Amino acid sequence: MSPSADAAGPASSASAPPLTPSSRRSSTTSSRTPSFPSGYALPSPPALPRLRLATRRLTWLACRWDRSGPAAATAAPPIGSRSPSPSASTTSTVTHPRSKRSNGTRVWNCSSDSATAGDFVYNALSPKVAPDVVFGPEDERFQPLVDYDVAGNGDKSCLARWDCRAPEGLLALVQELRELYIEYQKKRVHMVDDARVAFELSTVLSKEGIEVCMVPSADRPDEVKFAVPLLDSDLDIAKLVPGCPWRLPQKIHLQVIFPISRSSSYSSMPSAPRLKLISTPDLKSLLSVEDVKLPPWSNGMRATILSISGIFTFLVHFAIPLQFPKQQPVLTLQSSQHCNADGTPIMSPPINDYPWSPRWDQADMVERIYDFLTDECQNFKKFCSDAITQQK
Amino acid sequence: MATDAAAAPRYSLPPGRLPAEDILFCVDVDLEARAEMKSAAAAASSGSTSTASPQPAGAAGGAPAAGPRTAVRRMDAIKQALLLFVHSKLTMCPDHRFAFGSLGEAFSMVKKGFSSDAGSAMEAIHSLSASESRYAMADLTQLFMTANHEGTRAESQGRLLRVVLIYCRSSMKPQHQWPVKPKNFTLDIIYLHDKPSADNCPQMVYDALVDALDHVSQYEGYILETGQGLARVLFRQMCILLSHPLQRCIQDDLDIPKQVAKKTLAIEAAQNEDGTPVSSQQ
Numbered sequence: 001m002s003p004s005a006d007a008a009g010p011a012s013s014a015s016a017p018p019l020t021p022s023s024r025r026s027s028t029t030s031s032r033t034p035s036f037p038s039g040y041a042l043p044s045p046p047a048l049p050r051l052r053l054a055t056r057r058l059t060w061l062a063c064r065w066d067r068s069g070p071a072a073a074t075a076a077p078p079i080g081s082r083s084p085s086p087s088a089s090t091t092s093t094v095t096h097p098r099s100k101r102s103n104g105t106r107v108w109n110c111s112s113d114s115a116t117a118g119d120f121v122y123n124a125l126s127p128k129v130a131p132d133v134v135f136g137p138e139d140e141r142f143q144p145l146v147d148y149d150v151a152g153n154g155d156k157s158c159l160a161r162w163d164c165r166a167p168e169g170l171l172a173l174v175q176e177l178r179e180l181y182i183e184y185q186k187k188r189v190h191m192v193d194d195a196r197v198a199f200e201l202s203t204v205l206s207k208e209g210i211e212v213c214m215v216p217s218a219d220r221p222d223e224v225k226f227a228v229p230l231l232d233s234d235l236d237i238a239k240l241v242p243g244c245p246w247r248l249p250q251k252i253h254l255q256v257i258f259p260i261s262r263s264s265s266y267s268s269m270p271s272a273p274r275l276k277l278i279s280t281p282d283l284k285s286l287l288s289v290e291d292v293k294l295p296p297w298s299n300g301m302r303a304t305i306l307s308i309s310g311i312f313t314f315l316v317h318f319a320i321p322l323q324f325p326k327q328q329p330v331l332t333l334q335s336s337q338h339c340n341a342d343g344t345p346i347m348s349p350p351i352n353d354y355p356w357s358p359r360w361d362q363a364d365m366v367e368r369i370y371d372f373l374t375d376e377c378q379n380f381k382k383f384c385s386d387a388i389t390q391q392k
Numbered sequence: 001m002a003t004d005a006a007a008a009p010r011y012s013l014p015p016g017r018l019p020a021e022d023i024l025f026c027v028d029v030d031l032e033a034r035a036e037m038k039s040a041a042a043a044a045s046s047g048s049t050s051t052a053s054p055q056p057a058g059a060a061g062g063a064p065a066a067g068p069r070t071a072v073r074r075m076d077a078i079k080q081a082l083l084l085f086v087h088s089k090l091t092m093c094p095d096h097r098f099a100f101g102s103l104g105e106a107f108s109m110v111k112k113g114f115s116s117d118a119g120s121a122m123e124a125i126h127s128l129s130a131s132e133s134r135y136a137m138a139d140l141t142q143l144f145m146t147a148n149h150e151g152t153r154a155e156s157q158g159r160l161l162r163v164v165l166i167y168c169r170s171s172m173k174p175q176h177q178w179p180v181k182p183k184n185f186t187l188d189i190i191y192l193h194d195k196p197s198a199d200n201c202p203q204m205v206y207d208a209l210v211d212a213l214d215h216v217s218q219y220e221g222y223i224l225e226t227g228q229g230l231a232r233v234l235f236r237q238m239c240i241l242l243s244h245p246l247q248r249c250i251q252d253d254l255d256i257p258k259q260v261a262k263k264t265l266a267i268e269a270a271q272n273e274d275g276t277p278v279s280s281q282q
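Residue numbers (UniProt numbering), protein chains in the order written: chain A, 1 to 392; chain B, 1 to 282.
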């Protein structure tokens with residue numbers, strides 16, 4: 001016996017009390033937090049040193065490591081030199097006269113992505129002496145031993161207590177140099193004068209395991225490469241699967257390569273970084289990193305809030321540009337109650353000339369935008385009414 | 001989420017990429033969708049939503065025109081609300097997709113597949129029309145079956161499936177034979193009903209809707225109702241449903257939209273009949 005809909009007229013002016021559920025509504029959510037990626041892809045690691053540890057086949061060609069200066073660290077030892085003095089072989093070119101060093105062993109390989117390379121070279125005539133390490137031309141400024149001096153806290157390189165009988169000696173040296181190298185690259189990257197890179201560094205580097213390095217290039221703008229590990233370092237896939245033939249721990253990283261914008265004008269949009277997945281070879285057999293489609297780099301962030309002034313309900317769309325906070329968010333108001341003839345809701349033109357300073361702290365920024373919107377929504381309401389009137 | 005307690009906690013959104021949504025609308029096309037809205041709504045809203053072709057700006061907007069004497073029916077307001085939702089959601093993120101269906105005795109899709117194309121959404125919305133007679137039942141089983149199937153597909157594509165049910169019957173409880181199953185879609189409900197009277201039972205219908213929502217919804221789904229017949233209330237409720245399920249507080253804590261009115265005007269706002277929450281801070 002429901003009343004017919006035709007008889008339904010406009011409701012009386014008294015408002016109907018809201019319906020209440022007779023039984024308490026239980027929360028149905030299991031508060032499940034999906035484990036979506038955080039938006040940062042894993043960078044591929046800068047080269048993992050692949051150790052081909054000395055065996056009897058190794059013919060050692062080494063010079064004494066001398067800490068007398070940067071040139072010493074980077075000088076390529078002449079073949080057959082008996083002289084422990086590095087000054088004799090000081091060369092800032094640090095070329096790799098491989099043919100001359102046929103008795104050396106390239107111990108520290110780098111991935112083809114990285115421009116760096118290092119050679120660990122033993123002296124065949126003085127095998128008990130610690131190896132020399134030769135770095136690539138881009139790393140002329142890498143002075144790991146100088147860093148120890150500068151730090152002045154008494155730390156010493158493991159070269160200071162080199163024991164040629166210790167089987168783990170070379171590994172320790174490689175690891176030490178690698179850590180120092182990572183710090184060196186971090187400092188280089190911090191010196192880059194690019195607002196976006198600086199922002200990324202300030203927000204990203206606190207996360208475990210993320211590494212950065214410079215990628216200098218002759219024919220295109222320099223780049224900064226971030227490498228974010230995708231797997232926990234303590235997760236060893238090989239251990240999870242019985243009978244797994246992989247001998248080395250597997251890694252997978254996301255590389256994010258930011259071009260450094262040369263111009264200092266903030267109005268030019270920096271181009272999106274390149275994204276790439278890099279993994280160790282065994283893992284590639286399981287997961288093709290070439291085919292993985294990574295989500296496109298978003299060109300700024302958007303957020304929308306719902307607000308009401310009196311009985312006028314409206315949305316405010318915030319478009320936060322990449323140059324935020326130097327550039328202010330662009331605001332667009334949208335009515336919930338007014339629409340054009342084709343049914344699209346009426347929107348304000350984009351607003352980006354409201355009072356703004358990137359030096360305000362966040363709470364200030366929010367408060368001022370709020371105040372601005374409180375006034376502006378009145379203008380917008382009028383704008384909508386006018387638009388409707390014009391349509392009639 | 002921020003509450004109105006004295007020490008309101010700061011709202012913080014953890015960084016993360018939210019999956020894009022596939023949203024399936026199910027619109028009740030029973031006779032009761034022809035009920036008239038309050039005439040005030042006609043003045044507040046504009047244009048026509050019952051014509052399929054866009055009108056040139058400046059035209060009266062087709063039938064029914066938004067003049068003060070012409071009735072706006074529930075279905076007209078629902079269509080405008082759907083257009084509002086689709087355009088707003090696409091403005092927020094162009095990756096969301098939509099599909100439309102109707103509920104008579106059971107559920108049927110307007111056309112297969114989800115699309116983020118605004119034009120095709122508008123076409124589907126305009127094609128909805130309310131029946132001229134009452135249906136004998138309101139069976140949601142097929143709706144849930146479709147949603148469950150689409151939910152699996154959406155999950156495999158890294159998307160989130162939502163169902164938004166717009167229900168209009170004041171005396172007919174919806175029913176379903178959906179078993180207990182793993183939940184893979186989120187259900188929201190908007191319930192438009194007549195004022196409770198001796199001849200109807202919207203409270204019972206509402207309770208049944210709540211039960212159905214609790215039974216199937218994966219994440220927090222909202223059920224919003226109004227018996228006031230005001231189109232702008234429906235539009236406001238649709239805007240609340242714009243929220244992504246993974247960004248929602250539980251409905252008990254829901255208190256948006258908040259008034260931006262300055263403090264002196266807050267008292268005035270509290271006296272309006274909409275029952276919108278009044279913000280006491282700021």
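Note that CB positions come from ideal geometry on N, CA and C, so glycine has one too.
What you are looking at is a predicted structure, and each value in this text was computed from that prediction instead of being measured.
1. For Leu83(B), go through chain A and note every residue whose CB falls closer than 8 Å to its CB, in chain order.
2. In the DSSP assignment, find the unbroken alpha helix (DSSP H) run with Pro281(A) in it and report its ends.
3. Just mark Gln80(B) as buried or exposed, buried being the case when its beta carbon has 16 or more other beta carbons within 10 Å.
4. Could you please give the first and the last residue of the uninterrupted beta strand (DSSP E) stretch that includes Ile227(A)?
5. What are the boundary residues of the beta strand (DSSP E) that Met347(A) is part of?
6. Would you say His317(A) lies against chain B (beta-carbon separation less than 8 Å)?
7. DSSP three-state label for Cys164(A), please.
8. Within 10 angstroms of its Cβ, does Asn123(A) collect 16 or more other Cβ (buried), or is it exposed?
9. Grab me the residues of Leu90(B)'s own chain with a C-beta within less than 8 Å of its C-beta, minus the 5 sequence neighbours each way, in chain order.
10. Kindly indicate which three-state DSSP category Ser88(B) falls into: helix, strand or coil?
11. Check whether the Cβ atoms of Asp119(A) and Val133(A) lie closer than 8 Å to each other.
12. Would you call the CB atoms of Cys158(A) and Glu176(A) closer than 8 Å?
13. Taking C-alpha atoms, which residue in Ala363(A), Arg196(A), Ile311(A) and Phe380(A) lies nearest to residue 418(A)?
14. From the DSSP secondary-structure annotation, give me the bridge partner or partners of Cys168(B).
15. Under 7 Å between beta-carbons, which chain A residues line up against Cys239(B)? List them in chain order, please.
16. Say whether the stretch 165–180 of chain B touches the stretch 193–209 of chain B, bearing in mind that this needs 3 or more beta-carbon pairs closer than 8 Å, one atom from each stretch.
17. Using a beta-carbon distance below 8 Å, is Arg247(A) in contact with chain B?
18. Compare the C-beta of Ser309(A) against all C-beta atoms of chain E and say whether one is closer than 8 Å.
19. Would you mind sorting Asn153(A) into buried or exposed? The rule is 16 or more other CB atoms within 10 Å of its CB.
20. If you draw a straight line from the C-alpha of Met191(A) to the C-alpha of Leu201(A), how long is it?
21. By the DSSP assignment, the beta strand (DSSP E) with Leu315(A) in it spans what residues?
22. Can you tell me whether DSSP reads Asn340(A) as helix, strand or coil?
23. Compare the C-beta of Ile78(B) with all C-beta atoms of chain A and state if any pair is closer than 8 Å.
24. Mind pulling the chain B residues with CB within less than 9 Å of Arg274(A)?
25. What span of residues does the beta strand (DSSP E) with Ser102(B) cover, start to end?
26. Once you ignore the five residues that flank Asp139(B) on each side, which residues in its own chain have a CB closer than 7 Å to its CB?
27. Where do the N-terminal and C-terminal ends of the alpha helix (DSSP H) with Met37(B) fall, by residue?
28. With DSSP as the reference, label Leu19(A) as helix, strand or coil.
29. Just list the residues that DSSP pairs Asp253(A) with in beta bridges.
30. What are the residues that DSSP puts in a beta bridge with Tyr191(B)?
31. Under 7 Å Cβ-Cβ, which residues of chain B neighbour Leu19(A)?
32. Which residues mark the beginning and the end of the beta strand (DSSP E) in which Thr152(B) is found?
So, to answer that:
1. Cys339, Gly343, Thr344 and Pro345
2. That run of the alpha helix (DSSP H) goes Pro281 to Leu286.
3. With 16 or more other Cβ atoms within 10 Å, it is buried.
4. Note on identity: in this sequence residue 227(A) is Ala, with Ile being the wrong assignment. Counting along the chain, the beta strand (DSSP E) containing Ala227(A) begins and ends at Glu223 to Pro229.
5. Pro345 to Met347
6. yes
7. coil
8. buried
9. His96, Ser116 and Ala118
10. DSSP places Ser88(B) within a helical segment (H, G or I) once states are collapsed to three.
11. yes
12. yes
13. Nothing about residue 418(A) can be reported from this structure: the residues present for chain A run from 1 to 392 only.
14. DSSP output for Cys168(B) lists no bridge partner at all.
15. Leu306, Thr313, Leu315 and Ser336
16. The stretch 165–180 of chain B vs the stretch 193–209 of chain B: in contact.
17. no
18. Checking the listed chains, one finds no chain E in this structure; the protein chains it contains are A and B.
19. exposed
20. 11 Å
21. Phe312 to Ile320
22. coil
23. no
24. Arg274(A) does not reach chain B, its nearest Cβ partner there being about 19 Å away, counting only Cβ pairs nearer than 9 Å.
25. Arg97 to Leu103
26. Glu105, Ala106, Gln175 and His176
27. From DSSP, Met37(B) is part of no alpha helix (DSSP H); its letter is neither H nor E.
28. coil
29. Sequence check: residue 253(A) is His here, not Asp. Partner(s): Pro229(A) and Ile278(A).
30. In the DSSP output, where bridge partners are listed per residue, Tyr191(B) has Tyr167(B) and Glu225(B).
31. Those are Pro202, Gln203, Tyr206 and Glu225, listed as they occur along chain B.
32. That residue, Thr152(B), is in no beta strand (DSSP E); its alpha helix (DSSP H) goes Thr141 to Ser156.
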